[in-house]
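Presented below is the structure to which this report refers.
Numbering (the working numbering), first residue to last: 19 to 355.
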């Protein structure tokens, strides 16, 4: 049964049905409940795209792009947007993007997306553990999908995220299989939740393998300060000469670490080994680097399905947990056992 047949059967205009099932606020509550009850009775399942056309209201999604991202983050985000934007356009789902230079402008941009552009769904990138954007959208009763999880109960909102425990176990087990046990860790100044969890689960992976967690083996990297990051790496390797490998928490720091090692005349893959988490960037700028990387095709396809599912039922939450893969190149030496 299509929407026109359902409309004729229950004697309610198509536009009212579309708005009621789309949970629009300008439909009387009793009318909305009656339509929902009749839809269940007659097994009418609305097609979201037909519903959009019939109601003459475009179901669009919104995205805010911060100017504050590092160069590598921007490359990652542009690639992500290109994939998502083109696929959603094929499904007749417009994507509306607004740029913002700081946190306040981000909130203002959400206000504009919701009240001016009338988007029905927001996509959130770079999710923080306690995220003001999520708090704002919750207060507005606005539907959203986050890339990464926050402090909320994971069943209470829709998200796509990395299985971070699996990723760290994958990295540490590979490192140990190569004979390395003195592992330095390059943390990031990025406040995203996944960065915090990577460090947490890295420590857990060491403990699982009966390796002592040595705080002196941890160093901070800064996305917007190459000089300071390089100094920290050099200090780490000079003070802890027994370290044979560095695990880099983010691809945004990888080039700084490479430069620091080369400044010290250390040959990568021989004098010092490097392995990094990646978002499909290092294959272009550092193809020799062994990475724990994203399954891009699978990830994007499932994200599109997630968006479609959420559009189909804004009142239901959907989740997708993806696993990273190991891409073994030339940056990790095999030590003698």
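Note that the Cβ used here is the ideal one computed from N, Cα and C, for glycine as well.
{"Asked": "Do the region 332-348 and the region 265-282 make contact, defined as three or more Cβ pairs closer than 8 Å?", "Found": "no"}
{"Asked": "Can the beta-carbon of residue 227 be found less than 8 Å from the beta-carbon of residue 190?", "Found": "yes"}
{"Asked": "Within the chosen definition, does the region 44-64 reach the region 22-32 through at least 3 CB pairs nearer than 8 Å?", "Found": "yes"}
{"Asked": "What residue does the beta strand (DSSP E) around residue 179 start on, and which one ends it?", "Found": "176-180"}
{"Asked": "Report the rounded CA-to-CA distance for residue 324 versus residue 213, giving the unit in angstroms.", "Found": "23 Å"}
{"Asked": "Just how far apart, CA to CA, sit residue 223 and residue 186?", "Found": "7 Å"}
{"Asked": "So which of 32, 107 and 96 has the shortest CA-CA distance to residue 326?", "Found": "107"}
{"Asked": "Using the Cβ count rule (16 or more neighbours within 10 Å means buried), how would you classify residue 180?", "Found": "buried"}
{"Asked": "In whole angstroms, what separates the C-alpha of residue 130 from that of residue 119?", "Found": "15 Å"}
{"Asked": "For the putative contact between residue 343 and residue 184, defined by C-beta atoms under 8 Å, what is the C-beta separation to the nearest angstrom?", "Found": "Residue 343 to residue 184, Cβ: 10 Å. No contact."}
{"Asked": "To the nearest angstrom, how far is the alpha carbon of residue 345 from that of residue 136?", "Found": "42 Å"}
{"Asked": "Measuring alpha carbon to alpha carbon, tell me which of 141, 161 and 167 ends up nearest residue 148.", "Found": "167"}
{"Asked": "Leaving out five residues on either side along the sequence, give the residues of the same chain with a beta carbon under 7 Å from the beta carbon of residue 238.", "Found": "205, 207 and 250"}
{"Asked": "Rank 262, 154 and 163 by C-alpha distance to the C-alpha of residue 196 and give the top, closest one.", "Found": "262"}
{"Asked": "Which of helix, strand or coil does DSSP assign to residue 364?", "Found": "Since the first and last residues shown for the chain are 19 and 355, residue 364 lies out of range."}
{"Asked": "Buried or exposed for residue 70, going by 16 or more other Cβ atoms inside 10 Å?", "Found": "With a pLDDT of only 49 at residue 70, under 50, the local geometry of the prediction cannot be trusted, and the value read off the model is given with reservation. Buried, since its Cβ has 16 or more Cβ neighbours within 10 Å."}
{"Asked": "Of all the options 145, 266 and 248, which has the alpha carbon lying nearest to the alpha carbon of residue 211?", "Found": "145"}
{"Asked": "Where does residue 184 sit, in a helix, a strand or coil, going by DSSP?", "Found": "helix"}
{"Asked": "Using the Cα positions of residue 150 and residue 125, report the straight-line distance between them to the nearest angstrom.", "Found": "9 Å"}
{"Asked": "Rounded to the nearest angstrom, what separates residue 225 and residue 233 at their Cα positions?", "Found": "13 Å"}
{"Asked": "Quick one: residues in its chain with C-beta nearer than 6 Å to the C-beta of residue 38, no 5 flanking neighbours on either side, listed in chain order?", "Found": "45, 50 and 53"}
{"Asked": "Report all residues from its chain with a CB closer than 6 Å to the CB of residue 296; omit the five preceding and five following residues, and keep chain order.", "Found": "269, 309 and 311"}
{"Asked": "If residue 85 and residue 117 are in contact, beta carbons under 8 Å, what's the gap, nearest whole angstrom?", "Found": "6 Å"}
{"Asked": "Going by DSSP in three states, residue 190 sits in which element: helix, strand or coil?", "Found": "helix"}
{"Asked": "When you compare each of 302, 101, 305 and 175 to residue 164 by their alpha carbons, which one comes out closest?", "Found": "175"}
{"Asked": "With C-beta atoms as the reference, is residue 264 less than 8 Å away from residue 202?", "Found": "yes"}
{"Asked": "Classify residue 80 as buried or exposed, calling it buried when 16 or more other Cβ atoms lie within 10 Å of its own Cβ.", "Found": "buried"}
{"Asked": "To the nearest angstrom, report how far apart residue 283 and residue 235 are at their CA atoms.", "Found": "20 Å"}
{"Asked": "Applying the criterion that 16 or more other CB atoms from any shown protein chain within 10 Å of the CB defines a buried residue, is residue 230 buried or exposed?", "Found": "exposed"}
{"Asked": "Name the residue from 200, 290, 111 and 352 whose alpha carbon lies nearest to the alpha carbon of residue 328.", "Found": "111"}
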